[in-house]
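Note sheet for the following structure.
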Amino acid sequence: MNRRDFLQGAVAGAMVSASAAAASPAKTIGIQVGAVSFVDEGVDRVLDIFQEKAAVNTLFVATFTYGRGIAGRQVPGQPLPDHGKQEYDTDTFRGGSYTRVHSQYYKDTVLQQFRAPDFGDYDVLEAVLPAARKRGMKTICWFEDVWSATVPHIEQAQEKHLDDTNANTLCFNNPNYRNWLLGTVEDYARSYEIDGIMWGSERQGALANMLGASHGGAGNPLRVTCFCQFCERKARERGIDPARARAGFQALTAMLQSARQGQRPVDGYYVGVWRLMLRYPELLAWEMLWTGSLRETYSAIYNKVKSIKPSIGVGWHIWHNNSFNPIYRAEQDLSEISKYSDFLKMVMYHNCGGERMAGYIRNVSSTIYGDVPSEELLEFHYRVLGYPHEKGLSEIPKTGLSADYVYREASRARQALNGTKTQLWPGIDIDIPTAATSSKSTPESTRDAVLAAFRAGSDGVILSRKWSEMKTANLAGAGAAMRQLGLA
Ligand SMILES: [Zn+2]
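Below is the structure:
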């Protein structure tokens, strides 16, 4: 090729990519970041890094949580990244609201004292919004369903376990929690010039929990929720008998407790669980009551925000369990959820996904699938979930899931959302903590995950979970994908 041909080719290529970029709407390149990063590193410094390394155009600022997943510095025990204060915040992290609490919005709830004391009077939105707007970056309030038992009066909003003790989690059907959620989004929408609100709830109903059908630690079967007066009333209104539901869950508890003592049900675990579901269809009805209540919460938040300011985008963080547990996936009916979603952050954390998938398989191996060898059980899940290229059980914690997993999850979600207004912004894993012996994020695997998400037709990505646990080189790995795609 002579120099003239080369130049013509280059010009034509540039024109093609320029017109492609003009034809497609702007992609959302988001990153999750907590207040501590702005306090430790300075607002402009952090925004400089985001723009330079990964062409970030949207901030998902953690405005409320009592958890360390999206707020606080690196989780103690994990290596500190190459930026920010080089010490853990074990003694100073408390959590709560990182924005000022405007009390007029919380009159209809007992939950009134939830301001994070971590940084005194600091309001993260007040600190970040002007700098973000100056750079043309969008700001989305990002808050989650994670509470602390230290909040005054919280017992009046908590869920009830099957054994009638209080849970640490709050009930969507309890007016104290419902009104707090609606008050919080009203506070955000009226008090700040924000571009969006994202909320996330990483929980499921009593049946899925009793079966241990998630990647977290399997709990005590008696400690599933919710059996509070509000849930029981709602059940009765829908023709579900709470006494029958309790009887079903008690029978399932008895079976699982015997199993823990090595007593296999006479007809095996799978048949045993099915027999109880057939005898007590209330087990399924109660699961769906919980899931329906979550959807009603989404819808109520959406309508509240839209009634105040329609231009504020509203969407949801969808829990990683969607990638492991087919029951939970069935509950994430995007054709239903899209009705009240401007965007969805479907979690597709590939690197920690290996460890988490293995954890899920371990959990359900001791309940409904107690008769299935773990490796076969994993193969079954790969089949029904649609992951043909992932590795075996002993390998996945050390390798993570592949970029192909991200591609397939994003393709599936994008297809389910076709014909709706809802944008798909997959959550991409950058340095989410894993065990010392498990796989770690690399610039290349991060780049490949981002490329896979866009190749599947995603409308954006959200780099997760928080800047304070990410290595700069891995953020730059995401940036390499953006450059390759002409987005940077
Ligand atoms: Zn309840």
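First residue of the sequence shown: 402, per the working numbering; consecutive thereafter.
We put the CB at the ideal spot given by N, CA and C, even for glycine.
Please read these numbers as outputs of a predicted model, since none were measured by experiment.
- When DSSP reads this structure, D830 sits in a beta bridge with S865.
- Under the 8 Å Cβ criterion, the segment 878-886 counts as touching the segment 843-851, having at least three qualifying pairs.
- Secondary structure of A463 (DSSP, three-state): strand.
- Contact between the segment 466-474 and the segment 860-872 is established, with three or more Cβ pairs separated by less than 8 Å.
- For G601, there is no enclosing alpha helix (DSSP H); the enclosing beta strand (DSSP E) has its first and last residue at G597 to G601.
- Within its own chain, the residues whose Cβ lies closer than 6 Å to the Cβ of K710, once the five positions on either side in sequence are excluded, are A590, listed in chain order.
- In this structure, ligand 1 has no non-hydrogen atom nearer than 8 Å to the beta-carbon of T566.
- One thing to note: L745 has its Cβ no nearer than 9 Å to the Cβ of T838.
- Within the DSSP secondary-structure output, T626 pairs in a beta bridge with H562.
- For W717, the beta-bridge partners assigned by DSSP are W600 and L745.
- The continuous stretches of beta strand (DSSP E) do not include K428, and DSSP gives it neither H nor E.
- Put simply, the backbone Cα of A648 is about 27 Å away from that of Q733.
- Judged by the Cβ position, C572 qualifies as a neighbour of ligand 1 at the 8 Å threshold, a heavy atom of the ligand being closer than this.
- Excluding the 5 residues flanking it on each side, A456 has same chain C-beta neighbours closer than 7 Å at I430, G880, M883, L888 and A889, in chain order.
- Its chain contains A804, A882, Q885 and L886 as the residues whose beta carbon lies nearer than 8 Å to that of L852, once the 5 sequence neighbours on both sides are disregarded; these appear in chain order.
- Exclusion of E697 from the 8 Å shell around ligand 1 follows from its C-beta lying no nearer than that to any non-hydrogen atom of the ligand.
- W675 is classed as exposed because its beta carbon has fewer than 16 other beta carbons within 10 Å across all chains shown.
- Within 8 Å of the C-beta of T626 there is at least one heavy atom belonging to ligand 1.
- Taking the C-beta atoms as reference points, V462 is found nearer than 9 Å to V434.
- Inclusion of D519 and A436 in the CB contact set at 9 Å is warranted, their separation being smaller than that value.
- If you look at I541, you'll find it in the beta strand (DSSP E) that goes K539 to E545.
- Fewer than three beta-carbon pairs drawn from the segment 560-569 and the segment 584-598 are found closer than 8 Å, and the two stretches are therefore not classed as touching.
- Secondary structure of G497 (DSSP, three-state): strand.
- Taking 9 Å as the cut-off, the Cβ atoms of R815 and G787 do not count as close.
- S859 and G537 have their C-alpha atoms roughly 22 Å apart.
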